[in-house]
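Using full-length UniProt numbering, you'd call the opening residue of the sequence shown number 1 and step up by one each time.
In what follows, a single structure is set out as structure tokens and then discussed.
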Amino acid sequence: MTSSTAGATGSANYVETILRGLSRDSDHIAFHLEDGSTISHGEFGELVHRIAHTLSDHGIRSGSTVALLSANRPEILATRYAANLLGARIVYLYEGLAVEVQSAIVSDVDTDILVADNRLAARAAEIVAEVPVKALLTLGPASTGSDLLALAAAADSSPVPPHPVAPGDTWSVRHTGGTTGHPKGILMPSGGYRAMLEHQATAQGADVVYLISTTLAHGAGNLADGVFAAGGTIVLHERFAPAQVLADIERHRVTDLFLLPPLLYRVLDDPASASTDTSSLRRFLYFGCAASPTRIGQALDRFGPILFQIYGQSEAGGISMLTEADHQRPELLDSVGRPIPGVEVAIRDEQGNDLPVGQTGEICVRSAMTSAGYWRNPELTAQVWRDGWVHTGDVGHLDEQGYLRLTSRLKDMIIVVGGHVYPVEVEEALLGHPGIAEAAVYGVRAEDAAELVHAAVVPRPGHTLTEQEVREHVASQLGALYTPHHVEFLDRIPLTDAGKPDKKVLRARH
1 MTSSTAGATG SANYVETILR GLSRDSDHIA FHLEDGSTIS HGEFGELVHR IAHTLSDHGI
61 RSGSTVALLS ANRPEILATR YAANLLGARI VYLYEGLAVE VQSAIVSDVD TDILVADNRL
121 AARAAEIVAE VPVKALLTLG PASTGSDLLA LAAAADSSPV PPHPVAPGDT WSVRHTGGTT
181 GHPKGILMPS GGYRAMLEHQ ATAQGADVVY LISTTLAHGA GNLADGVFAA GGTIVLHERF
241 APAQVLADIE RHRVTDLFLL PPLLYRVLDD PASASTDTSS LRRFLYFGCA ASPTRIGQAL
301 DRFGPILFQI YGQSEAGGIS MLTEADHQRP ELLDSVGRPI PGVEVAIRDE QGNDLPVGQT
361 GEICVRSAMT SAGYWRNPEL TAQVWRDGWV HTGDVGHLDE QGYLRLTSRL KDMIIVVGGH
421 VYPVEVEEAL LGHPGIAEAA VYGVRAEDAA ELVHAAVVPR PGHTLTEQEV REHVASQLGA
481 LYTPHHVEFL DRIPLTDAGK PDKKVLRARH
């Protein structure tokens with residue numbers, strides 16, 4: 001990394017970029033909160049430093065690990081910045097994980113301090129009873145632990161100098177892998193992340209007003225970092241609620257919005273959608289899981305030419321983007337765009353050979369934004385990171401214009417009698433039915449060791465569907481091989497904490 005990428009100090013500590021953005025105008029609003037209150041840049045920056053002093057008093061320094069368990073609150077973001085400012089690494093615990101999984105993560109990453117939302121103090125107490133830590137700190141008064149916010153209010157408010165970190169140092173261990181079992185810890189290096197934020201600091205203006213309603217533990221947290229690097233404002237929701245999202249777009253004149261595709265569909269289908277003034281929106285970003293071209297087309301009709309898609313994953317970072325201009329070409333809506341500048345994409349067969357344009361294989365990625373491997377798992381790291389390339393486990397091909405077309409994840413492929421079924425293809429067929437609002441397709445193991453295609457479907461309001469009608473629709477679109485063996489009708493598709501369809505939960509119902 002060059003010094004220009006790392007900043008004036010030569011350090012790769014990304015928090016320096018954020019604090020610089022917050023310092024430009026101390027009176028500028030950092031947060032609009034759901035209760036109508038606001039927090040200024042100056043107030044938020046001071047909170048970061050007060051918490052940093054408090055964490056330092058508790059022994060947090062370079063090499064320490066701070067685990068975070070909270071709903072979306074400004075204080076949890078300030079705590080993350082404070083820990084990283086000191087050179088420590090952070091680990092988020094998704095709320096929806098079983099306590100056994102949360103405890104295993106806390107133990108695995110050698111957690112020094114657990115910081116928890118005071119409303120989640122009972123769960124935090126369960127975790128530390130299983131895995132002792134040096135301190136349990138809560139965001140507000142609770143029946144267990146010490147009140148971090150009270151301690152911070154009494155702490156020194158003087159600026160804490162950013163601890164120098166090297167480009168390869170880990171600022172976060174991001175866990176992925178689902179709601180049960182032991183998730184994989186992905187090492188997020190500091191250098192590439194700071195470089196990305198330095199770009200965001202100039203690419204966005206201070207007039208950006210970003211609405212965030214998905215968990216700060218995932219992609220929304222990275223977007224928040226970019227907003228503050230640019231000196232902008234966040235409208236923060238603790239939980240996703242489509243009606244509230246629409247109301248606050250109009251109330252706060254939101255300029256930028258991010259949602260995962262299933263949540264985008266729910267905003268689109270909300271009764272208030274048609275009457276809400278969304279003219280302030282300049283960009284509607286979506287990523288995180290496969291999107292339906294049919295539903296994206298409907299979103300374009302509703303919101304205009306402001307949709308922007310990013311395809312990526314925690315291991316590989318950002319891979320490709322489908323720009324606002326690309327969205328104006330209907331034939332591109334089933335693609336995930338062209339590779340992001342600076343990102344190399346190769347399509348390879350099972351032997352690792354490069355495949356020509358148009359042929360389907362595994363998507364492999366090389367860039368400065370890839371992660372550094374898995375936490376204490378050299379065997380799996382060696383499988384995924386080979387010769388400088390990340391083997392994503394995603395299947396797709398590049399077309400003649402350089403657009404990447406994603407088929408599915410290798411692990412999601414359903415092996416049926418007579419062939420292979422990629423769930424995303426069946427989901428798109430289902431979402432093309434006028435009576436279907438949401439759909440998730442997954443495989444269930446049959447007695448003969450093959451799998452059966454199962455579909456969970458959410459009907460649109462006012463539509464009554466039958467299993468036979470749904471099966472016949474898929475058969476007419478894709479053929480018998482892709483036709484669901486079973487169709488389940490639900491009020492809502494269950495989602496993970498990250499906002500993706502939770503197919504493990506769906507599969508467990510059978």
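Note that CB positions come from ideal geometry on N, CA and C, so glycine has one too.
Asked: Beta carbon of S37 nearer than 7 Å to that of L86; Found: no
Asked: Length of the line joining the Cα atoms of C289 and A121; Found: 31 Å
Asked: Alpha helix (DSSP H) segment containing K504, residue limits; Found: K503 to A508
Asked: DSSP state of R460 mapped onto helix, strand, coil; Found: coil
Asked: One or two residues paired with P339 in a DSSP bridge; Found: S320
Asked: Through-space distance from S107 to V345, alpha-carbon basis; Found: 36 Å
Asked: Beta-carbon spacing of G21, A220 below 7 Å; Found: no
Asked: DSSP three-state assignment for T483, whether helix, strand or coil; Found: coil
Asked: Residue from A116, D169, P167 and Y311 with nearest C-alpha to S146; Found: A116
Asked: D256 burial status per 10 Å Cβ neighbour count (16 or more: buried); Found: buried
Asked: Sequence-distant residues of its chain with Cβ nearer than 8 Å to N377 (five each side left out); Found: K184 and G185
Asked: Own chain, CB closer than 7 Å to V487, minus 5 neighbours either side, in chain order; Found: A455, V457, E467, V470 and R471
Asked: Contact set for D277: own chain, Cβ-Cβ below 6 Å, skip 5 residues either direction; Found: E250
Asked: Outcome for A439 when other beta-carbon atoms lying within 10 angstroms are tallied against a minimum of 16; Found: buried
Asked: Inter-residue spacing [alpha-carbon to alpha-carbon] between D502 and A166; Found: 36 Å
Asked: 3 or more residues per run - each beta strand (DSSP E) lying fully within the region 255-339; Found: 256-259, 283-286, 307-313 and 317-322
Asked: Residues of its chain near A316, where Cβ-Cβ distance is below 6 Å and the 5 sequence neighbours each way are ignored; Found: V365, T370, V390 and T392
Asked: Inter-residue CB distance, R348 and E362 (contact presumed, cutoff 8 Å); Found: 5 Å
Asked: Secondary structure of S476, DSSP reduced to three states; Found: helix
Asked: H32, buried or exposed, once every other Cβ within 10 Å from all chains shown has been counted against 16; Found: buried
Asked: DSSP beta-bridge partners of L114; Found: A67 and L136
Asked: Element boundaries [alpha helix (DSSP H), containing Y193]; Found: S190 to A203
Asked: C-beta atoms of L47 and A67 nearer than 7 Å; Found: no
Asked: Nearest-angstrom Cα separation, counted from D334 out to L404; Found: 9 Å
Asked: Residue burial classification, G191 (beta-carbon count within 10 angstroms, cutoff 16); Found: buried
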